[in-house]
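Below is one structure, written out as structure tokens; comments come after it.
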Amino acid sequence: VMVVLLTVVASYRQNVHAYPSGGGDYEIANENLGKFAGLTVASALLVDYVLTVAVSMSSAAAYLTTAVPSLHGQQALIATIGVVILALVNLRGIKEAGSVFAVPTYIFMASILGMTAVGVFQAATGQLGEATSAAFTIVPTPGFDEGLVGLSGAFLLLRAFSSGAAALTGVEAISNGVPNFKVPKSKNAATTLLLLGAIGAAMLAGIMYLANATKVHIVLDPAREFLLDGQPLPEDYIQNPAISQIAQTIFGPGSIAFYVVVAATGVILVFASNTAFNGFPVLGSILAQDGYLPRQLRTRGDRLAFSNGVLALAAGALVLIIAFNADVTKLIQLYIVGVFISFTASQLGMIRHWGRHLKLAKDKTARRRMMKSRTINSIGFGMTGLVLVIVLITKFEQGAWIALLAMFFLFLIMWSIRSHYDNVAKELAVDEDSSPRALPSRVHAVLLVSHVRKPVLRALAYARASRPSRLDAITVDIDAEETAHTVADWEKLEIPVPLTVLASPYRETITPIMEYVKNMRRDSPRDLIVVYIPEYVVGKWWEQLVHNQTALRIKTRLHFEPGVMVASVPWQLKSSEEAKNLQDIR
Numbered sequence: 001v002m003v004v005l006l007t008v009v010a011s012y013r014q015n016v017h018a019y020p021s022g023g024g025d026y027e028i029a030n031e032n033l034g035k036f037a038g039l040t041v042a043s044a045l046l047v048d049y050v051l052t053v054a055v056s057m058s059s060a061a062a063y064l065t066t067a068v069p070s071l072h073g074q075q076a077l078i079a080t081i082g083v084v085i086l087a088l089v090n091l092r093g094i095k096e097a098g099s100v101f102a103v104p105t106y107i108f109m110a111s112i113l114g115m116t117a118v119g120v121f122q123a124a125t126g127q128l129g130e131a132t133s134a135a136f137t138i139v140p141t142p143g144f145d146e147g148l149v150g151l152s153g154a155f156l157l158l159r160a161f162s163s164g165a166a167a168l169t170g171v172e173a174i175s176n177g178v179p180n181f182k183v184p185k186s187k188n189a190a191t192t193l194l195l196l197g198a199i200g201a202a203m204l205a206g207i208m209y210l211a212n213a214t215k216v217h218i219v220l221d222p223a224r225e226f227l228l229d230g231q232p233l234p235e236d237y238i239q240n241p242a243i244s245q246i247a248q249t250i251f252g253p254g255s256i257a258f259y260v261v262v263a264a265t266g267v268i269l270v271f272a273s274n275t276a277f278n279g280f281p282v283l284g285s286i287l288a289q290d291g292y293l294p295r296q297l298r299t300r301g302d303r304l305a306f307s308n309g310v311l312a313l314a315a316g317a318l319v320l321i322i323a324f325n326a327d328v329t330k331l332i333q334l335y336i337v338g339v340f341i342s343f344t345a346s347q348l349g350m351i352r353h354w355g356r357h358l359k360l361a362k363d364k365t366a367r368r369r370m371m372k373s374r375t376i377n378s379i380g381f382g383m384t385g386l387v388l389v390i391v392l393i394t395k396f397e398q399g400a401w402i403a404l405l406a407m408f409f410l411f412l413i414m415w416s417i418r419s420h421y422d423n424v425a426k427e428l429a430v431d432e433d434s435s436p437r438a439l440p441s442r443v444h445a446v447l448l449v450s451h452v453r454k455p456v457l458r459a460l461a462y463a464r465a466s467r468p469s470r471l472d473a474i475t476v477d478i479d480a481e482e483t484a485h486t487v488a489d490w491e492k493l494e495i496p497v498p499l500t501v502l503a504s505p506y507r508e509t510i511t512p513i514m515e516y517v518k519n520m521r522r523d524s525p526r527d528l529i530v531v532y533i534p535e536y537v538v539g540k541w542w543e544q545l546v547h548n549q550t551a552l553r554i555k556t557r558l559h560f561e562p563g564v565m566v567a568s569v570p571w572q573l574k575s576s577e578e579a580k581n582l583q584d585i586r
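So that you can map any letter, position 39 of the sequence shown is 39 in our numbering, and since no number is skipped, the others follow by simple counting.
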């Protein structure tokens, strides 16, 4: 696993030099392998971001319950609250202040490296104890009773390797964040990758050594797969995360050092989620810019955050957390496949990139540098491709198929959206057809009247001010008594526009109006019909439920009629003024 980690780090150092714009794996695949590969990588990355939040917040919740055992069983609720809070914070437009975010990171690295040093010292002096789970016997899975022997043993080793490869996730985040580095950006990003690889490998080696030395046992279902003295464990047994078990063994369950390690790990997992909240909306905006996602994902909120992308990521993560009850051992099975799809495609794209540039480069020094980079990326491609195959073989039945299915559907959705946008653009392109630019022969205005009130009089004034060739006022006879009152009020005001009453045998409003408009269109197909509809502007959400519903249905039907325009005439109720004042204060 450490060899793969260092190989990927070396490969991505070439990426940041060649693509310093921050487009990451999607840009590399899209430019060098084509739209199909680019969209495949984009699908994998989007799913990966959602899983990053779900896995990280579920893991953080698990570490919190380790420190506070009374919260056990509430991991899903804790993770859900964490995702909601993180989403709200990002909607406010949080920025990653380096000094603020660096301190917990340094504490985490110091705590893990310090724990490793103490553990190695205890092992050397014979003081290192065993984890609580060391006393448990693992029940062999059917078909693997003989352990690490033959094909079954090889499969177990490959499965363990693929699980350990999850440690590589996050390497691609630096290539996506090159623009955030100080000048020289590419050099600083490459240096950071090198440090990440070295420190990450050291921490990974330390944790793996200590887990083996303390005999930590982790299984998917402790109640079924663990035995203690030949008996199953109780249903309420709490399986703590590996780092927590190691810290508990080395420092003691109630020590300050134990809580420091657990707290630092939990905080760093929250930071991992926040990285996804930074990356997902940006990638979503890029895909929206390219026409693969709805253009609303390009919209920034009041705090200059991609609000729709933040909400979409939070919603996806919450679905997974609730569906899997924040079970990290199950969620992690879905996680890694998307990462290595993007890794592998990125490295293949870089091989194409260097090959294309080598055809044009004439300087010997530049060519040697490009050939070196291509060799590194070729090794990276071979390594990540092999890991991808191993992951697909060993993790498919355990949940990787869910991630693959999600990527497939996301790919189809994005491809369909792009096709739709292309078809609409083709349909709306200006050509020699002059019909959209032709002026209508005449303009007929139609005013909808339900009751003779101020909004109707304002709409009437606006309609008359437009000086149409013809102006009709219509009302639908749903209730004979109310219709009579409306006609009487209309005549009482001596309005110089006749009020036409439309019969409605089935006491239905919309159909008579539509038939009236269609008849006008049939009689004068070259004329423009403008329908004026008075509407209330309300200030409270529940008021919208009791007002404007009929107007909304009428507008929806009229929008499907060619040659018909709808003019909404707003009337601001007092509640809307109060809401406006509150917004101005904010």
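Note that beta-carbon positions come from the ideal geometry of N, C-alpha and C, so glycine has one too. A quick note: this is a predicted structure, and the numbers were derived from the prediction, not measured.
Proximity to residue i [Cα-Cα], best of the options
i	options	result
residue 262	64, 124, 548	64
residue 371	384, 357, 382	357
residue 573	179, 535, 422	535
residue 558	544, 545, 518, 577	518
residue 74	58, 20, 482	58
residue 134	346, 432, 213, 208	213
residue 120	246, 139, 397	246
residue 603	577, 277, 103	Coverage of the chain is limited to positions 1 through 586, which leaves residue 603 absent and any answer about it impossible.
residue 397	330, 448, 431, 359	330
residue 14	343, 45, 252	343
residue 313	341, 276, 322, 110	276
residue 390	366, 172, 340, 416	340
residue 241	291, 294, 218	218
residue 234	509, 52, 136, 409	136
residue 220	324, 393, 388	324
residue 110	549, 200, 528, 32	200
Terminal residues of the alpha helix (DSSP H) in which residue i lies
i	result
residue 357	328-360
residue 248	242-251
residue 68	It is not in any alpha helix (DSSP H) - residue 68 carries neither H nor E in the DSSP assignment.
residue 273	256-289
residue 523	510-523
residue 31	24-33
residue 549	549-558
residue 458	454-465
residue 397	Element bounds for residue 397: n/a, residue is neither H nor E.
residue 13	2-18
residue 489	480-492
residue 418	401-428
residue 299	Counting along the chain, residue 299 falls outside any alpha helix (DSSP H), and DSSP gives it neither H nor E.
Cβ separation of residue i and residue j, assumed to be a contact under 8 Å, to the nearest whole Å
i	j	result
residue 532	residue 443	About 12 Å; that fails the 8 Å criterion.
residue 571	residue 537	7 Å
residue 61	residue 82	7 Å
residue 126	residue 249	The Cβ separation is near 14 Å, so there is no contact.
residue 16	residue 178	5 Å
residue 287	residue 414	7 Å
residue 139	residue 225	5 Å
Per DSSP, cross-strand counterpart(s) of residue i
i	result
residue 474	448, 500
residue 568	533
residue 137	227
residue 294	Looking at the DSSP assignment, residue 294 forms no beta bridge with any residue, so it has no partner.
residue 179	Answer is none; residue 179 lacks a bridge partner.
residue 232	227
residue 443	528
Beta strand (DSSP E) segment containing residue i, residue limits
i	result
residue 534	528-537
residue 227	226-228
residue 438	No beta strand (DSSP E) contains residue 438, which DSSP labels as neither H nor E.
8 Å Cβ cutoff met for residue i and residue j
i	j	result
residue 380	residue 40	no
residue 464	residue 457	no
residue 66	residue 244	yes
residue 350	residue 4	no
residue 376	residue 18	no
residue 79	residue 425	no
residue 174	residue 12	yes
residue 346	residue 25	yes
residue 504	residue 512	yes
residue 546	residue 493	no
residue 399	residue 333	yes
residue 468	residue 526	no
residue 91	residue 419	no
residue 449	residue 475	yes
Test: residue i CB closer than 8 Å to a CB of chain C
i	result
residue 529	As a matter of chain content, chain C is missing from the structure shown, which is built from one protein chain.
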